[in-house]
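Scroll down for the structure; my scribbles are underneath it.
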Amino acid sequence: MSSSSDANRPARDDNATPSATWHLGRTPPEADLANVEFALMAASAAFERYVEQISQLIGEPELSYNEITILHVIRMYERPKDATTIARFVNRDDLPNVQYTLRKLASVGLVKKTRSGVSAHYETTKAGTDWTDRYAVLRSRLLVDQMAPDEISGETLEGISRRLTRLTVLYESSARSAAILNPHGIFD
Numbered sequence: 001m002s003s004s005s006d007a008n009r010p011a012r013d014d015n016a017t018p019s020a021t022w023h024l025g026r027t028p029p030e031a032d033l034a035n036v037e038f039a040l041m042a043a044s045a046a047f048e049r050y051v052e053q054i055s056q057l058i059g060e061p062e063l064s065y066n067e068i069t070i071l072h073v074i075r076m077y078e079r080p081k082d083a084t085t086i087a088r089f090v091n092r093d094d095l096p097n098v099q100y101t102l103r104k105l106a107s108v109g110l111v112k113k114t115r116s117g118v119s120a121h122y123e124t125t126k127a128g129t130d131w132t133d134r135y136a137v138l139r140s141r142l143l144v145d146q147m148a149p150d151e152i153s154g155e156t157l158e159g160i161s162r163r164l165t166r167l168t169v170l171y172e173s174s175a176r177s178a179a180i181l182n183p184h185g186i187f188d
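1 is the number of the first residue of the sequence shown in the UniProt record's numbering; add one for each residue after it.
Shown next, in the form of C-alpha cells:
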C-alpha cells in the first residue's frame, strides 16, 4: 500500500548507520519499529479525538471515549453481552472499570442490564440504539465518504486490520514476558 506521500520520501538506505543518538532507533529495524510505534500513538490519539468529537455532535448524553467504544461493542451484532466479553473485545483487563462504565451507560439510559441465570448481560435501549445510529450516520458522512476508493476497499482495510491485530499479539506477548522478568537483573 503506497500513498502519494510515499513518493516524496527519500529511498531508505538499509546500509546507512542509524542515529546513534536515538535510543529507540539504533538499528534500521529498531528505527522502523519506532516509526510504527509513533504512528500508532498519533493514530490512537487522533481516533480518540474523532470519536469524542462525533459524540459531541450527537449531543446528550456526553460520553467519554471508553464509554463510546463500550456502547458500540454492546450493540455489535445486536446481541446482549456480559462484562467479561465486552472487556475482552476492547482488550481491557480492568474489569471493575468496565463494570463502572456499564453502570454509567445504564444510568443515562443507553443500555439495560438483563439477567440470564447468574450472569448479567447488557444490551442497548431504544435511546442507545438511536444514539449509535446517529453516530453511524456522522461516521459515514465525515469519514467513510471522505475516503478514496483504494483506502476503503475491503482488501486494504482487511490488510490494515490483520497487521494491527498482529501488532496487538506481539505487544501482548512482550507485556507478558516483561511481567515475569526480574527487574533487578535486567541491566546488570
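Even glycine gets a Cβ: it sits at the ideal position worked out from N, Cα and C.
Rounded to whole angstroms, the Cβ separation of Val111 and Leu105 is 4 Å, and the two are in contact under 8 Å.
When rounded, the separation of the alpha-carbon atoms in Asp32 and Arg166 is 16 Å.
Collapsing the DSSP output to three states places Ser64 in coil. Beta-bridge pairing by DSSP links Tyr77 to no other residue. DSSP places Asp94 in the coil class of the three-state scheme, outside both helix and strand. C-alpha of Arg139 to C-alpha of Leu71: approximately 15 Å in a straight line.
Taking C-beta atoms under 8 Å as the contact rule, Val51 and Ile68 qualify, at a distance of about 5 Å. C-alpha of Asp133 to C-alpha of Ala175: approximately 36 Å in a straight line.
By the neighbour-count criterion, in which 16 or more other beta carbons inside 10 Å mark a residue as buried, Ile160 falls on the exposed side. In this chain, the alpha helix (DSSP H) harbouring Arg134 covers 126-142. Under the Cβ criterion (8 Å, minimum of three pairs), the region 118-126 counts as touching the region 74-94. Within the DSSP secondary-structure output, Val111 pairs in a beta bridge with Thr124.
Per DSSP, reduced to three states, the secondary structure at Ser116 is strand.
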